[in-house]
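The block underneath contains the structure these notes are about, expressed in C-alpha cells.
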Amino acid sequence: MLKADVKSKINQLWDRFWSGGISNPLTAIEQMSYLIFMKRLEDLDNQHLRLSDARGEEYKSIFENHEDCRWSHWKHLPAEEMMKHVLVVVFPFIKEIRRGEDTLFSENMKDAVFIIQKPSLLQEAVNILDGLNISAQNHDVQGDIYEYLLNELKTSGKNGQFRTPRHIIRMMVGLVEPQIGMNICDPACGTGGFLINAYEYILRMNTSEDIIKYDEQGVPYNLVGDKIIKKEHWNLLRRESLYGYDNDSTMTRIGLMNMILHGIEHPNIRYADALSKNFDQTSRFDIVLSNPPFTGSIDKTDINDNFKVSTAKTELLFLELFYNLLHNGGRAAVIVPNGVLFGSSNAHKKIREILLEKSQMEAVISMPSGVFHPYAGVGTAVLVFTKGGKTEKVWFYEMLRDGFSLDQKRDFIDGKGDIPDIIGKFKTRADSKQSFSVTAEEIKNNDFSLSLQRYKQIEYEEIEYEKPEVIIDRVLKTEEEINKELRELRRLI
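Numbering-wise (this note's numbering), the sequence shown opens with residue 1 and increments by one.
This is the structure in C-alpha cells:
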C-alpha cells in the first residue's frame, strides 16, 4: 500500500541512522519510535480537542504547562538547540506522563534511554518523519509505515525471537475467529503482530464488503468497522480486548507503538516475564495467539508454581501457559517447533497428554521449514486447541506452500499457497491429499505423538511392467537396427 516516495523517505531515515552510528536495527527502531511517539502525542491531543469541542465537552490538554514539548514547537529549532531541548525537556516529559487517557505507552518508558547524540542526525530524522505527514494518513497507512520499518528486523533476536510472517498470523487468526467482546492474549507479543491482526480481523468481519479494498498482494485494507454502531463495542475492542506481554522492554515499546499506529490508542501491553512466579496465570482469556521463543533460557528458581510440567524448556512451559490462561471453552492457535510434537522426554509427553486429555486438540498444521527464512530454518507447526472436554480426533494438514518462495529470499508468489485450503478444510476437518484425521486413541498409543509424519499414509503407485518377452523382442529389434546402421557406415567409408 505504501507509495514509492514514502518508502524512499523511510529508506532515507535508515540511511541517516546507519551513517549516524546507530546500526543495530532493534536499537534504531526503538529510537525512531520515540520520535514518532513525540509527534503522534501532539496529533492525538489535537484530535481529542476537536472531538471535545464538537461534543461541547471540556478537554484538558496533556501539554498543559508543557507547551514547549509539542512537536510543532521544537521541530524547527536549529540542530544544537533541538538536541538539547529534546534531551532536557521533551524526553523527560514523555517518560514522566502518568498512564491515563492520553499517555499511551508512557508506563513502559521508565527505563527508556534516548541515545541519539548527534544533533545533525536528530534534525534530519525529525525532518524526514515530519515529511511523512503521518498524522494525515489513515490507520492503514500509519500501520504500514511502521511495518515497513520493522521489516529491517531481518536477523533472529536473542532467545530465539523473530517476527512471525504476517500471512501466517492472518491464517492463525482466521482459524480461531475472534469476535467483539472476546479477551485476546499473546504472552510473548513482540511487535504485537498477533494482536493487531486479531483487531483487523474483527474490523474486517464488521466492515461492509463494498468498502473493503485489497492491496497488490491480496491483503484487505480500509477496514473501517462501519457495522460497529455502539460506542461501548468500540471501547471494548480498543481498550479492553487485546492484551500482550513481553520480557524484552525494547520489544514492548516497539509493540506498543505498532498498535498505536494501527489505531489501537490504548493498548494493554506490559513488560512481564510470562513464565515467572510474578505472572498472573488466571484463566481469563477467550483466545490465545502466540509464537513464543523456542530456545530461551529461564532461571529454574523463578518458574511459576502453577506449572505441572517439570521442565526448563521454554517451548514446553509456554504451551502449558497457553492452556492455563484460557478459560474453559477458550481457544488457542500457537506455533511450536517440531520437537514439541514428538519429543520423548517425560515433559514432552506430559504436555501433549494435557492437550489431548484435558482439552480438545483440534488441528496440527505442519509448516515447511522455509516459512521462517531468513530468520531460521527450524521446522514448525501450528497447534489449534480448545480448553476443556477431551479430544476425539485430531486433524492434520501438511502445508507444502505458503505463497512465498521457501528459500532465503522469500520472494512473493501468490501470498496464499495452501492457506485458503487450510482455512476452508479446517471448518469441516475434511480429508485430502494433504489432510487427514487420527483418533485420540491411536495418538495415545503412540506416546501422544503429534507428528504428522508418524500417521501420514504413504501412497504407493502401482506400476504395470511389460511382459519379459515383449521387452526382449524390443531389445533385439533395436540391436538389429544398430547393426544395420553400422554396416551402412562401413560401406560408405
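Note that CB positions come from ideal geometry on N, CA and C, so glycine has one too.
Note that the coordinates shown come from a computational prediction; the quantities given were computed from them, not determined experimentally.
Could you work out which residue in T207, V219 and D210 is closest to I169 when comparing CA atoms only?
Working through the sequence shown from its first residue, we reach residue 169 at position 169. Nearest of T207, V219 and D210 to I169, Cα basis: V219.
Looking at the structure shown, is E57 part of a helix, part of a strand, or coil, going by DSSP?
Within the sequence shown, numbered from 1, the residue matching residue 57 stands at position 57. Of the three classes helix, strand and coil, the one that applies to E57 here is coil, per DSSP.
Looking only at its own chain, which residues have a Cβ that is under 7 Å from the Cβ of L326, when we skip the five neighbours before and after it?
Residue 326 sits at position 326 when you count from the first residue of the sequence shown. Correct list, in chain order: S283, F285, V288, A332 and K387.
Return yes when the C-beta of I94 is under 7 Å from any heavy atom of the ligand GDP, and no when it is not.
Of the ligands one can find in the structure shown there are none, so the ligand GDP has no counterpart to examine.
In or out: K484 buried (at least 16 other Cβ within 10 Å) or exposed?
Residue numbering aside, residue 484 sits at position 484 when the sequence shown is read from its first letter. Counting Cβ neighbours within 10 Å, K484 comes out exposed, since fewer than 16 surround it.
Quick one, are the C-beta atoms of I196 and L237 less than 8 Å apart?
On the sequence shown, residue 196 is found 196 positions in, with the first residue counted as 1. On the sequence shown, residue 237 is found 237 positions in, with the first residue counted as 1. No, Cβ-Cβ distance for I196 and L237 is not below 8 Å.
Suppose contacts are defined by Cβ-Cβ distances below 8 Å. Is V382 in contact with M182 by that definition?
Position 382 of the sequence shown, counted from the start, is the residue given in the question as residue 382. Position 182 of the sequence shown, counted from the start, is the residue given in the question as residue 182. No; because the gap between Cβ atoms is not below 8 Å, this pair is not in contact.
For the beta strand (DSSP E) containing R270, name the first residue and the last one.
As a first step, residue 270 is located in the sequence shown; it is residue number 270 there, counting from the start. Run containing R270: N268 to Y271, per the beta strand (DSSP E) assignment.
Which residues bound the beta strand (DSSP E) around V499?
In the structure as shown, the chain begins at 1 and stops at 493. Residue 499 is therefore absent and cannot be evaluated.
So, does the segment 424-441 touch the segment 340-354, judging by three or more C-beta pairs under 8 Å?
No contact exists between the segment 424-441 and the segment 340-354.
Can you tell me where the alpha helix (DSSP H) with G244 in it begins and where it stops?
Taking the sequence shown and counting its residues from 1, one reaches residue 244 at position 244. It is not in any alpha helix (DSSP H) - G244 instead sits in the beta strand (DSSP E) that spans L242 to D246.
How far does the alpha helix (DSSP H) with A4 in it extend, from its first residue to its last?
Residue numbering aside, residue 4 sits at position 4 when the sequence shown is read from its first letter. Here the alpha helix (DSSP H) through A4 covers A4 to S19.
Rounded to whole angstroms, what's the CA-CA distance from F93 to E392? Just pull it up for me.
Here residue 93 corresponds to residue number 93 of the sequence shown, with the count starting at 1. Here residue 392 corresponds to residue number 392 of the sequence shown, with the count starting at 1. Spanning the two alpha carbons is a distance of roughly 57 Å.
Going straight from the alpha carbon of T191 to that of K427, what length do you get?
By 1-based counting over the sequence shown, the position of residue 191 is 191. By 1-based counting over the sequence shown, the position of residue 427 is 427. Approximately 29 Å between the Cα atoms of the pair.
Quick one: what's got a C-beta closer than 8 Å to N206's C-beta in the same chain, skipping five residues either side?
Numbered from its first residue, the sequence shown carries residue 206 at position 206. Only I180, G225, D226, K227 and I228 meet the Cβ criterion.
How would you write the range of the beta strand (DSSP E) that Q360 sits in, first residue to last?
Translated into the one-based positions of the sequence shown, residue 360 becomes position 360. Where Q360 is concerned, the enclosing beta strand (DSSP E) stretches over S359 to M367.
Considering only DSSP beta bridges, list what E398 is partnered with.
Counting from 1 along the sequence shown, the entry for residue 398 is found at position 398. Answer is S366.
Only counting the same chain, and skipping five residues up and downstream in sequence, which positions put a Cβ closer than 7 Å to that of H233?
Within the sequence shown, the letter at position 233 stands for residue 233. Result list for H233: I180, in chain order.
Check for me: the beta strand (DSSP E) holding A79 runs from which residue to which?
As a working mapping, residue 79 is identified with position 79 in the sequence shown. Element bounds for A79: not the beta strand (DSSP E) but the alpha helix (DSSP H), A79 to H85.
State whether the segment 368-379 contacts the segment 209-217, with contact taken as three or more CB pairs (one from each stretch) at a distance under 8 Å.
No: the two stretches stay apart, fewer than three of their Cβ pairs being nearer than 8 Å.
Assuming W74 and E42 form a contact by the criterion Cβ under 8 Å, report the distance between their Cβ atoms to the nearest whole angstrom.
Here residue 74 is taken as the residue at index 74 of the sequence shown, counted from 1. Here residue 42 is taken as the residue at index 42 of the sequence shown, counted from 1. Contact doesn't hold; Cβ gap of about 11 Å is too wide.
D302 to R166, Cα distance in whole Å?
The residue labelled residue 302 in the question sits at position 302 within the sequence shown. The residue labelled residue 166 in the question sits at position 166 within the sequence shown. Roughly 33 Å between the two C-alpha positions.
Ends of the beta strand (DSSP E) at F385?
Within the sequence shown, numbered from 1, the residue matching residue 385 stands at position 385. Note, F385: beta strand (DSSP E), T380 to K387.
Please confirm whether V378 and A347 have their CB atoms less than 8 Å apart.
Along the sequence shown, one-based indexing puts residue 378 at 378. Along the sequence shown, one-based indexing puts residue 347 at 347. Taking 8 Å as the Cβ cut-off, V378 and A347 do not qualify as a contacting pair.
State the DSSP-derived secondary structure class of I115, mapped to helix, strand or coil.
Residue numbering aside, residue 115 sits at position 115 when the sequence shown is read from its first letter. Coil, per DSSP.
So which of A54, T250 and L87 has the shortest CA-CA distance to D111?
Numbered from 1 along the sequence shown, position 111 holds the residue referred to as residue 111. Comparing Cα positions, the closest option is T250.
Output needed for F114: all residues of its chain with C-beta closer than 8 Å, excluding positions within five of it in sequence on either side, in chain order.
If you number the sequence shown from 1, residue 114 lands on position 114. Correct list, in chain order: Q31, Y34, V86, L87 and F91.
On the premise that A274 lies in contact with L321, defined as a C-beta separation below 8 Å, what is that separation, rounded to the nearest angstrom?
As a working note, residue 321 is residue 321 in the sequence shown. As a working note, residue 274 is residue 274 in the sequence shown. Yes, L321 and A274 are in contact; Cβ-Cβ is about 6 Å, under 8 Å.
Identify which residue in E357, I422, K313 and I413 has its Cα closest to the Cα of V364.
Indexing the sequence shown from 1 puts residue 364 at position 364. Nearest C-alpha to V364: I422.
Using the Cα positions of L203 and A79, report the straight-line distance between them to the nearest angstrom.
Within the sequence shown, residue 203 is the residue found at index 203, counting from 1. Within the sequence shown, residue 79 is the residue found at index 79, counting from 1. The straight-line gap from Cα to Cα measures roughly 42 Å.
Around the Cβ of G403, are there at least 16 other Cβ atoms within 10 angstroms (buried) or fewer (exposed)?
As a first step, residue 403 is located in the sequence shown; it is residue number 403 there, counting from the start. Answer is buried; the Cβ neighbour count reaches 16.
What number of angstroms, rounded off, separates the C-alpha of D452 from the C-alpha of L316?
The sequence position of residue 452 within the sequence shown is 452, counting from 1. The sequence position of residue 316 within the sequence shown is 316, counting from 1. In the sequence as presented, Asp is not what sits at residue 452; that position holds Leu. When rounded, the distance between both Cα atoms is 19 Å.
From the DSSP secondary-structure annotation, give me the bridge partner or partners of M91.
The sequence position of residue 91 within the sequence shown is 91, counting from 1. Per the sequence shown, residue 91 should be read as Phe rather than Met. Answer is none; F91 lacks a bridge partner.
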